[in-house]
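Since the structure comes first, as structure tokens, the remarks are kept for the end.
Numbering (the working numbering), first residue to last: 21 to 131.
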């Protein structure tokens with residue numbers, strides 16, 4: 021079972037800077053608006069990109085359109101041996117459909 025964080029919890033942690041957001045949507049959707057500071061890693065690219073991301077001891081939350089594919093992404097990331105055991109890897113409940121906070125626009129940031 022994947023831990024889920026509400027959009028409010030994600031927003032609070034983004035404001036504190038103590039969580040890494042992985043946005044699993046396609047680049048075109050990401051560029052139209054995304055959680056500030058999030059990293060765009062489309063779900064289909066995630067298996068090949070996980071080893072290239074510099075995982076540290078920062079908790080991770082995955083975000084997608086409705087909160088379903090982000091659960092798959094969280095399971096994949098949490099199973100990667102490069103992610104510390106004490107790092108929480110969660111999914112954002114409800115996805116972007118439930119996100120009511122400010123969004124950034126523009127191109128994807130590098131992992």
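From the three backbone atoms N, C-alpha and C, an ideal C-beta is built for every residue, glycine too.
By the Cβ rule, the region 108-128 counts as touching the region 85-100, because three or more pairs are nearer than 8 Å.
A distance below 8 Å between beta-carbons, with the five flanking residues on each side excluded, links residue 27 to the following residues of its chain, in chain order: 112, 113, 114, 118, 119, 120 and 121.
Nearest neighbour of residue 46 by Cα position, chosen from 80, 29 and 62, turns out to be 62. The residue from 32, 108 and 36 with its alpha-carbon nearest to that of residue 82 is 108. A straight line joining the alpha-carbon of residue 76 with that of residue 102 spans about 9 Å.
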